[in-house]
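K.L.:
Protein chains: 2
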Amino acid sequence: MSYVIDKLRQLKNVEQELLKASAEDKNIALEQVALSLDRNRGSILEANKEDLIQADKNHMTDALKDRLMIDDSRLDGIIAGIRQVAKLQDPIWESDKTWTLENGLTISKISVPMGTIGIIYESRPNVTADAFSLAFKSGNGIILRGSSSAINSNIAIVKAIKEGLGKTNISQEVIQFIEDTDRKHVSELLEAKGLVDLVIPRGGKGLINLVLETAKVPTLQTGEGNCHIYIDESGNLEDAVKIVVNAKTQRTGVCNACETVLINEKIAGEFLPKLYKELKDKVEIFGSEEVREIIDVNLATDEDWATEYLDSKIAMKIVKNVDEAIEHINKYGTMHSESIISENYSNIKKFTKLVDASTVYVNASTRFTDGSEFGFGAEMGISTQKLHARGPVGLEQLVTYKYIVLGEGHIRK
Amino acid sequence: MSYVIDKLRQLKNVEQELLKASAEDKNIALEQVALSLDRNRGSILEANKEDLIQADKNHMTDALKDRLMIDDSRLDGIIAGIRQVAKLQDPIWESDKTWTLENGLTISKISVPMGTIGIIYESRPNVTADAFSLAFKSGNGIILRGSSSAINSNIAIVKAIKEGLGKTNISQEVIQFIEDTDRKHVSELLEAKGLVDLVIPRGGKGLINLVLETAKVPTLQTGEGNCHIYIDESGNLEDAVKIVVNAKTQRTGVCNACETVLINEKIAGEFLPKLYKELKDKVEIFGSEEVREIIDVNLATDEDWATEYLDSKIAMKIVKNVDEAIEHINKYGTMHSESIISENYSNIKKFTKLVDASTVYVNASTRFTDGSEFGFGAEMGISTQKLHARGPVGLEQLVTYKYIVLGEGHIRK
Chain A
1 MSYVIDKLRQ LKNVEQELLK ASAEDKNIAL EQVALSLDRN RGSILEANKE DLIQADKNHM
61 TDALKDRLMI DDSRLDGIIA GIRQVAKLQD PIWESDKTWT LENGLTISKI SVPMGTIGII
121 YESRPNVTAD AFSLAFKSGN GIILRGSSSA INSNIAIVKA IKEGLGKTNI SQEVIQFIED
181 TDRKHVSELL EAKGLVDLVI PRGGKGLINL VLETAKVPTL QTGEGNCHIY IDESGNLEDA
241 VKIVVNAKTQ RTGVCNACET VLINEKIAGE FLPKLYKELK DKVEIFGSEE VREIIDVNLA
301 TDEDWATEYL DSKIAMKIVK NVDEAIEHIN KYGTMHSESI ISENYSNIKK FTKLVDASTV
361 YVNASTRFTD GSEFGFGAEM GISTQKLHAR GPVGLEQLVT YKYIVLGEGH IRK
Chain B
1001 MSYVIDKLRQ LKNVEQELLK ASAEDKNIAL EQVALSLDRN RGSILEANKE DLIQADKNHM
1061 TDALKDRLMI DDSRLDGIIA GIRQVAKLQD PIWESDKTWT LENGLTISKI SVPMGTIGII
1121 YESRPNVTAD AFSLAFKSGN GIILRGSSSA INSNIAIVKA IKEGLGKTNI SQEVIQFIED
1181 TDRKHVSELL EAKGLVDLVI PRGGKGLINL VLETAKVPTL QTGEGNCHIY IDESGNLEDA
1241 VKIVVNAKTQ RTGVCNACET VLINEKIAGE FLPKLYKELK DKVEIFGSEE VREIIDVNLA
1301 TDEDWATEYL DSKIAMKIVK NVDEAIEHIN KYGTMHSESI ISENYSNIKK FTKLVDASTV
1361 YVNASTRFTD GSEFGFGAEM GISTQKLHAR GPVGLEQLVT YKYIVLGEGH IRK
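Each protein sequence line maps, in turn, to chains A and B.
For the first sequence, this note's numbering begins at 1 and goes up steadily by one.
For the second sequence, this note's numbering begins at 1001 and goes up steadily by one.
(1) Can you tell me the Cβ-Cβ gap for A:I70 and A:N48, rounded? I've got them flagged as a contact below 8 Å.
(2) Can you grab the Cα-Cα spacing for the pair B:T1214 / A:K184, in whole Å?
(3) I'd like the list of long-range same chain contacts for B:A960, defined as Cβ closer than 8 Å, with 5 residues on each side in sequence excluded.
(4) Among the residues of its own chain, which have a CB less than 6 Å from the CB of B:A1156, if the five just before and after it don't count?
(5) From what residue to what residue does the beta strand (DSSP E) around A:Q176 run?
(6) Along the chain, where does the alpha helix (DSSP H) that runs through A:H328 open and close?
(7) Would you list, in sequence order, the uninterrupted beta strand (DSSP E) runs of no fewer than 3 residues that lie entirely inside the segment 1208 to 1275 of chain B?
(8) Under 8 Å, CB to CB, which of the residues in the segment 1337 to 1363 of chain B have a partner in chain A?
(9) For chain B, find out if any of its Cβ atoms is closer than 9 Å to the Cβ of A:L19; answer yes or no.
(10) What span of residues does the beta strand (DSSP E) with A:R145 cover, start to end?
(11) Give the residues from the segment 393 to 413 of chain A that approach chain B closer than 8 Å (Cβ to any Cβ), ordered along the chain.
(12) Please name the residue in A:P218, A:G118, A:E324, A:F376 whose C-alpha comes closest to that of A:Q176.
(13) Which whole-angstrom value describes the C-beta separation of A:Y332 and A:A357, a residue pair presumed to lie in contact below a C-beta threshold of 8 Å?
(14) Within the continuous beta strand (DSSP E) that includes A:T400, where are the two ends?
(15) What residue from A:D6, A:N13, A:N58, A:D96 has the CA that sits closest to A:E396's CA?
(16) How many Å lie between A:L277 and A:E270 at the Cα?
(17) At what residues does the beta strand (DSSP E) containing A:R41 begin and finish?
(18) Report the option in B:Q1172, B:V1254, B:K1159 whose CA atom is closest to the CA atom of B:L1018.
(19) For A:L220, would you say it is in contact with chain B, using Cβ-to-Cβ distances shorter than 9 Å as the test?
(20) Looking at B:R1083 and the ligand PLP, is the gap between the Cβ and the nearest heavy atom below 8 Å?
(21) Closer than 7 Å between beta carbons: that is the criterion. Which residues of the segment 1013 to 1046 of chain B meet it against chain A?
(22) Determine, for A:M114, whether the minimum Cβ-Cβ distance to residues of chain B falls below 9 Å.
(23) By DSSP, does A:T359 sit in helix, in strand, or in coil?
(24) Just the chain A side, please: which residues come within less than 8 Å of B:R1390 by C-beta, in chain order?
(25) Mind listing which residues of the segment 120 to 134 of chain A have their C-beta closer than 7 Å to chain B's C-betas, in chain order?
(26) Would you tell me roughly how many angstroms separate the C-alpha atoms of B:E1179 and B:A1131, rounded to the nearest one?
(27) Looking only at its own chain, which residues have a Cβ that is under 6 Å from the Cβ of A:S234, when we skip the five neighbours before and after it?
(28) Taking 9 Å as the CB-CB cut-off, is B:G1203 touching chain A?
(29) At a CB-CB cut-off below 8 Å, which residues of chain C make contact with A:K386?
(30) Can you tell me whether A:Q89 is buried or exposed? The criterion is at least 16 other CB atoms within 10 Å of its CB, across all chains shown.
(31) In terms of DSSP beta bridges, what is A:P91 paired with?
(32) Under 8 Å by Cβ, that's how I've got B:N1140 and B:L1398 pegged, so tell me the actual separation to the nearest angstrom.
(33) For B:H1059 and B:L1052, what's the separation of their Cα atoms in angstroms?
(34) Check the Cβ-Cβ distances between A:I170 and every residue of chain B, and say whether any is below 9 Å.
(35) Starting from the C-beta of B:P1113, find all residues in its chain whose C-beta is less than 7 Å away, skip the five residues before and the five after it, and write them out in chain order.
(36) Going by DSSP, which residues form a beta bridge with B:A1364?
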């Protein structure tokens, strides 16, 4: 039996235990996990230091090292996150729909765990604890495959989680970590039909494409965010400048950052100089020919429209009207987050109806598409597919349902 | 551009038209489609006769020919089905969840169409009309790929649907039919990344496996039903006999028919002779060694437990208790429909909680797992996967959602 299959079978063995666990059982266990992470602070920070030394040897960029780094304050954040998930309402065995057929059969649609969830993720070791707490609270077993660059940190965190579970009546086997970073185990996980109910890849294009090409198990596509902000002719231009600056620069390397601004031609002459003034020292700007007639920026090509920069770069294009903006977004967008800055009711209605994305904003920054911001506690990622879940994936997105049908000797006529 | 890709691009072109269509627009169009099917009655029945002549030449079984056949009464049923879908509540742009963040941002989770749905199906030409009406009512374009044995019937039905749409303000392109029955077009559809939002295969194991092996687009696994009924020691045995006979014999070739009966050892001696009396002339029975000590039936092997007979055959096994029944079902079941016959509260609670299936029955036949029976109007199939939709796939399962976030110049801190 292969290495990954063996771990998946261990998760299968604890599925019923998780189904039987009450909300109280789970919350007590999460508190034990939080306490254990705190107790093991020394060894976790130590392990993280090893990863950072290795990162230096591999000439990792500062941005990536920052994502990898755990200090006391970040560990406090991880621990607080687990306690926050414990406080969220239990998502299991709830029903928003019970109805009775004419023949007297009563049907209830009840939320139940998916079973086993897999996550494949890069760099950030806090994902290890976040993903565990969300999966566990929603009654799912979890198998994790982190990146080799964070291997020591991840192993230390998983060890602490298991130690915490060891002090409860819940089996330590509900979390399985793939310590062997050989890439073949990613494929094994993606092909483990019948043994894993959902695999969430959280990473760059390479990982997402691997999943699309090879997965034989259900997956949830996440993270690619080529997000736009459209400035309508009726928009409040002061707000528009603030929002674009926020959406691009508050953090540049994230999926909900703005990558292209679309500007209505009627206000381009007034708006672009204002925006330019605020952005020019912060990011590199790529504009269409028409933009370059107003402000002094690099020339954008079609490739810019299709690029998720994830960097201090932004593209700008002038459009005739809201229809052209919608057309551009539906052509180049990745169904992540899109925003319109407008005071015009009809244009807002059109934009929110016709733009095909997980989250459509009116007069707000795209940066709010996030499990914590939405009030979901934490997230497993941002879904950019339409099946099952769209946008931030929190507890409610990690469950499925079953119908319970109560009869009294009912047979079908 | 390939044949299927071309059809998918035509569907992309009408996506916005479908988003803009009001419930009234769609219902008027469905009525026109119903009228057109009635008006084209002659040509549809004629085309079906051609398929039946071809079926005779190919020595098709009577059961399959019956599935293929359309007469006046069945066509009336198809037309009535379309009118029933028109009467269902429109599933688009509804919200059961709006909330406001501390910062004042208001978020609404709104139901929206998936976009383009594909269906690959066998034999029954009524699926052509059912699938169109459900997809259309939920605001989706649809591409259909029926079996070659029903090709003339399907073409005639699609022609009538398009003729009906021709009398409305909705484009005829919202329905696309793959007339060329070359199997390569199935693969083209399954690999059309980004052009189809969901493909539903509705057919036998061969089709389902092809989808699992080759699909690069989101799919919904349907139809495999190895369903069980467990007779608890506390069950009402008269009801139990009635229910098993109904679940096996009311229709044998359907996915929600019962394939294996599990009998508590404490009541096996009393129950099996009663059941045997009612079933022995109707179906072939395969029993475990222990069953054969009580009634005279064929010996069942492990293969019987794993087989969806879809035929006048049933398997029987004696189990120690509800735990063994649950274990057997979770090992051999296909997450379709499972039933317990019991008066014991604790056993019922355990069974409904721990059996992993789309629909779990108490004291009722498994035959009710069906879109019409559930009150969904019609169905695209019965999902046996956990992602997105479980059980009967009706209007509500053919939509996705998006978040609309209303701000007033909000930026992220």
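Cβ coordinates follow ideal geometry from the N, Cα and C atoms, glycine included.
P.N.:
According to the structure data:
(1) Numbered from 1 along the first sequence, position 70 holds the residue referred to as residue 70 of chain A. Numbered from 1 along the first sequence, position 48 holds the residue referred to as residue 48 of chain A. About 4 Å separates the two Cβ atoms, so the contact holds.
(2) The residue given as residue 1214 of chain B occupies position 214 in the second sequence. The residue given as residue 184 of chain A occupies position 184 in the first sequence. Those two C-alpha atoms are separated by around 20 Å.
(3) One cannot answer for residue 960 of chain B here, as it falls past the ends of chain B, which runs 1001 to 1413.
(4) Start at 1 with the first residue of the second sequence, and residue 1156 of chain B comes out as number 156. For B:A1156, the CB contacts under 6 Å within the same chain, skipping 5 residues up- and downstream, are S1043, I1044, A1047 in chain order.
(5) Taking the first sequence and counting its residues from 1, one reaches residue 176 of chain A at position 176. Looking at the DSSP string, the run of the beta strand (DSSP E) that includes A:Q176 is 175 to 177.
(6) Along the first sequence, one-based indexing puts residue 328 of chain A at 328. It spans 322 to 332 - the alpha helix (DSSP H) in which A:H328 sits, taken as one unbroken run.
(7) 1227 to 1231, 1258 to 1264
(8) T1352, K1353, L1354, D1356, A1357, S1358, T1359, V1360, Y1361, V1362, N1363
(9) Here residue 19 of chain A corresponds to residue number 19 of the first sequence, with the count starting at 1. Chain B, which has a Cβ nearer than 9 Å to the Cβ of A:L19, makes this yes.
(10) Along the first sequence, read from residue 1 onward, the residue named residue 145 of chain A stands at position 145. From DSSP, the beta strand (DSSP E) with A:R145 extends over 141 to 145.
(11) T400, Y401, K402, Y403, I404, V405, L406, G407, E408, G409, H410, I411, R412
(12) Translated into positions along the first sequence, residue 176 of chain A becomes position 176. Minimum Cα distance to A:Q176 is reached at A:G118.
(13) As a working mapping, residue 332 of chain A is identified with position 332 in the first sequence. As a working mapping, residue 357 of chain A is identified with position 357 in the first sequence. The Cβ separation is near 12 Å, so there is no contact.
(14) Position 400 of the first sequence holds residue 400 of chain A. Unbroken beta strand (DSSP E) run through A:T400: 399 to 410.
(15) Here residue 396 of chain A refers to the residue found at position 396 when the first sequence is read from its first residue. The shortest Cα separation from A:E396 among A:D6, A:N13, A:N58, A:D96 belongs to A:D96.
(16) By one-based count along the first sequence, residue 277 of chain A stands at place 277. By one-based count along the first sequence, residue 270 of chain A stands at place 270. Strictly speaking, residue 277 of chain A in this sequence is Lys, with Leu absent from that position. About 12 Å.
(17) Within the first sequence, numbered from 1, the residue matching residue 41 of chain A stands at position 41. Premise fails: A:R41 lies in the alpha helix (DSSP H), 41 to 57, not in any beta strand (DSSP E).
(18) In the second sequence, counting from the first residue as 1, residue 1018 of chain B sits at position 18. For B:L1018, the nearest C-alpha among the options comes from B:Q1172.
(19) For the purposes of this step, residue 220 of chain A is identified with residue 220 of the first sequence, where counting begins at 1. Taking Cβ atoms only, chain B reaches closer than 9 Å to A:L220, which makes this a yes.
(20) Looking at this structure, you won't find the ligand PLP or any other ligand, since it has none at all.
(21) Q1016, L1019
(22) What you label residue 114 of chain A is simply residue 114 of the first sequence in a count that begins at 1. It does: the Cβ of A:M114 has a partner Cβ on chain B nearer than 9 Å.
(23) Against the first sequence, residue 359 of chain A aligns to sequence position 359. In the structure shown, A:T359 sits in a strand (DSSP, three-state: E or B).
(24) Numbered from 1 along the second sequence, position 390 holds the residue referred to as residue 1390 of chain B. Under the 8 Å cutoff, chain A gives T400, Y401, K402, Y403.
(25) none
(26) Start at 1 with the first residue of the second sequence, and residue 1179 of chain B comes out as number 179. Start at 1 with the first residue of the second sequence, and residue 1131 of chain B comes out as number 131. If you take the alpha carbons of B:E1179 and B:A1131, they lie about 16 Å apart.
(27) In the first sequence, counting from the first residue as 1, residue 234 of chain A sits at position 234. Only S342, E343, N344 meet the Cβ criterion.
(28) Position 203 of the second sequence, counting from 1, holds the residue named residue 1203 of chain B. No - not a single Cβ of chain A is within 9 Å of the one on B:G1203.
(29) Chain labels in this structure do not include chain C; the protein chains are A and B.
(30) The residue given as residue 89 of chain A occupies position 89 in the first sequence. Exposed: under 16 other Cβ atoms inside 10 Å.
(31) In the first sequence, the residue the question calls residue 91 of chain A occupies position 91. Paired residue(s): none; A:P91 is not in a bridge.
(32) In the second sequence, counting from the first residue as 1, residue 1140 of chain B sits at position 140. In the second sequence, counting from the first residue as 1, residue 1398 of chain B sits at position 398. Confirmed, about 6 Å.
(33) For the purposes of this step, residue 1059 of chain B is identified with residue 59 of the second sequence, where counting begins at 1. For the purposes of this step, residue 1052 of chain B is identified with residue 52 of the second sequence, where counting begins at 1. If I take the Cα positions, the gap works out to 10 Å.
(34) On the first sequence, residue 170 of chain A is found 170 positions in, with the first residue counted as 1. Not closer than 9 Å to any Cβ of chain B, the Cβ of A:I170 fails to qualify, so no.
(35) If you number the second sequence from 1, residue 1113 of chain B lands on position 113. Answer for B:P1113: L1018, L1019, I1092, S1138, G1139, N1140, V1399, listed in chain order.
(36) Working through the second sequence from its first residue, we reach residue 1364 of chain B at position 364. According to DSSP, which records beta bridges pairwise, B:A1364 is partnered with A:H410.
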